[in-house]
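Participant: Here it is, the structure, as structure tokens.
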Amino acid sequence: MQTLHFARAHEASESHLLRVLRTVAELRAWARHERARGNSISLVPTMGALHDGHASLIRAAADVCSRVAVSIFVNPTQFGPNEDFARYPRTFAADCELAEAAGADIVFAPSVEELYPNAESTFVEVAGLSHLLDGKSRPGHFRGVATVVAKLLIAAEPDRAFFGQKDAAQVAVLRRMTADLLLATEIVVCPIVREPDGLALSSRNIYLNPEEREWALTLSRAVRQAEALFAAGERRAGKITQAARMSFAELPQLRVDYIALVDWATLEPVETATPGSLFAVAAWVGATRLIDNTILQESPPS
Ligand code: AMP
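First residue of the sequence shown: 417, per my numbering; consecutive thereafter.
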């Protein structure tokens, strides 16, 4: 086990050490030990390259559980053969500092061999849902996500696991997975953290050049437009998605993957939007695929 020495500001008298666990056995032993001492455990699964969106999840986890585990694992099975697995940003030392400052007690950072001891033997696949939205354009993506999250939940048995609404389709898949597999962990969803100009934080934003960074704002503008239309009384899903399509049509540099208004639980399209419907967009900005979404409400978020 590796121990990183980061002082925790609010525990000045007893310097807090962020522990880095590398094996499933260590994670399981840590979780059992903490549970036996009466501590509740939350888990924040990530792929690293941590930013303030991840920090918000860790802080939310620390608010409700006495122990917080953050996993950092660039999961190969959720990347397609032509996707960015090899060049995905890896910033481990900085990630540990961020996790520690946000309230993490341990970072679980296993090797690929540790989480996949028998290469490609057993997978978890949520039927139906896994092939909609991002799952449609990224075949196998949600199978990889469901598999790795199931492994983490089985190993750590956390009371709660924290995910961002940023990946709304992922949330639907994981809610269904935990329900179907009768896992006891509660799935907690946290709001999307954005840059001041509206762009949703993403580890992939670093791929954008200044021009692309500007074009990328089309996604958050489309989201805001959908919120405003809904708040103004528009309920026809076709009208709301059409308005977004027109915004994208003005910028031929962007390639829309999907613009959808769906039921958040089933990811199936709805004809009539209701409070709680999910409006979601995915688009290619140059070589970078970005996503954004909103859960429609009677009055739009300020
Ligand atoms: P990733 O490292 O991209 O797999 O993301 C790990 C977790 O952080 C996922 O549950 C994401 O939904 C969440 N996340 C990523 N970006 C944001 C954001 N901008 N706001 C809130 N949560 C986020």
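Ideal Cβ placement from N, Cα and C applies to all residues, glycine included. Here the structure is a predicted model, which means the values were calculated and not measured.
How would you label ARG483, buried or exposed, when you count the other beta carbons within 10 angstroms and need 16 or more for buried?
Facilitator: Counting Cβ neighbours within 10 Å, ARG483 comes out buried, since at least 16 surround it.
Participant: Using the beta-carbon of each residue, find all residues closer than 6 Å to any heavy atom of the ligand AMP and list them in chain order.
Facilitator: Going along the chain, the residues that qualify are THR462, MET463, GLY469, HIS470, SER472, LEU473, PHE579, GLY580, LYS582, ASP583, CYS606, ILE608, VAL609, ALA616, LEU617, SER618, SER619.
Participant: Per the contact definition of three or more C-beta pairs closer than 8 Å, is the stretch 668–687 in contact with the stretch 601–611?
Facilitator: With the cut-off at 8 Å, the stretch 601–611 and the stretch 668–687 do not touch.
Participant: Could you tell me the boundaries of the alpha helix (DSSP H) in which VAL561 lies?
Facilitator: Residues 557–572.
Participant: Just tell me which of ALA653, ILE656, LEU635 has its CA closest to the CA of PHE664.
Facilitator: For the residues ALA653, ILE656, LEU635, the minimum Cα distance to PHE664 belongs to LEU635.
Participant: Considering Cα atoms alone, identify which of GLU499, VAL589, ALA616 is closest to GLU684.
Facilitator: That would be VAL589, whose Cα lies nearest to the Cα of GLU684.
Participant: Helix, strand or coil for TYR674, going by three-state DSSP, please let me know.
Facilitator: Of the three classes helix, strand and coil, the one that applies to TYR674 here is strand, per DSSP.
Participant: Go to CYS606, then tell me how far its beta strand (DSSP E) extends in each direction, as first and last residue.
Facilitator: Run containing CYS606: 602–606, per the beta strand (DSSP E) assignment.
Participant: On the DSSP bridge assignment, give the partners of ASP679 in chain order.
Facilitator: In DSSP, ASP679 forms no bridge with anything.
Participant: Apart from the five residues on each side of it in sequence, which residues of its chain come closer than 6 Å, Cβ to Cβ, to VAL697?
Facilitator: Excluding residues within five positions, the ones whose Cβ falls inside 6 Å are LEU635, ALA638, ILE675, ASP708.
Participant: Would you mind sorting ASP613 into buried or exposed? The rule is 16 or more other CB atoms within 10 Å of its CB.
Facilitator: Flag for ASP613 reads exposed.
Participant: Under the rule that 16 or more other beta-carbon atoms within 10 Å means buried, what is ALA452, buried or exposed?
Facilitator: So ALA452 counts as exposed.
Participant: For GLU701, which residues does DSSP report across the bridge?
Facilitator: According to the sequence provided, residue 701 is Val. The question's Glu does not apply to it. Answer by DSSP bridge pairing, in chain order: LEU670, THR704.
Participant: Is the beta carbon of VAL486 less than 9 Å from the beta carbon of ARG576?
Facilitator: Contact: no.
Participant: Kindly indicate which three-state DSSP category PRO497 falls into: helix, strand or coil?
Facilitator: In this structure, PRO497 counts as coil in the three-state DSSP scheme.
Participant: Helix, strand or coil for ASN709? Go by DSSP, reduced to three states.
Facilitator: It is a strand residue.
Participant: Quick check on this structure: which residue in GLY702, VAL678, GLU628, LYS567 has the alpha carbon closest to the alpha carbon of GLU541?
Facilitator: Selected option, being the one with the closest Cα: LYS567.
Participant: Pairing CB atoms from the stretch 513–521 with CB atoms from the stretch 463–480, are three or more of them under 8 Å?
Facilitator: Taking 8 Å as the limit for Cβ pairs, the verdict is that the stretch 463–480 does touch the stretch 513–521.
Participant: Between which two residues does the alpha helix (DSSP H) carrying SER546 extend?
Facilitator: That residue, SER546, is in no alpha helix (DSSP H); it is neither H nor E in DSSP.
Participant: Between PHE495 and HIS557, is the Cβ-Cβ spacing less than 9 Å?
Facilitator: Contact: yes.
Participant: Work out the CA separation of GLY551 and ALA525 for me, nearest whole Å.
Facilitator: About 26 Å.
Participant: Taking the runs of the alpha helix (DSSP H) that are 4 residues or longer, which of them lie wholly in the stretch 575–604?
Facilitator: Complete alpha helix (DSSP H) runs here, min 4: 584–596.
Participant: Hey, quick one: how far does the beta strand (DSSP E) through PRO492 stretch, first residue to last?
Facilitator: Note, PRO492: premise wrong, no beta strand (DSSP E); not H, not E.
Participant: With DSSP as the reference, identify every bridge partner of PRO533, one or two as the case may be.
Facilitator: None; PRO533 has no bridge partner.
Participant: Only counting the same chain, and skipping five residues up and downstream in sequence, which positions put a Cβ closer than 6 Å to that of ASP679?
Facilitator: The residues are VAL686.
Participant: Between ARG651 and ALA689, which are expected to be in contact by the criterion C-beta below 8 Å, what is the C-beta distance as a whole number of angstroms?
Facilitator: Between ALA689 and ARG651 the Cβ distance is about 5 Å, and since that is below 8 Å, they are a contact.
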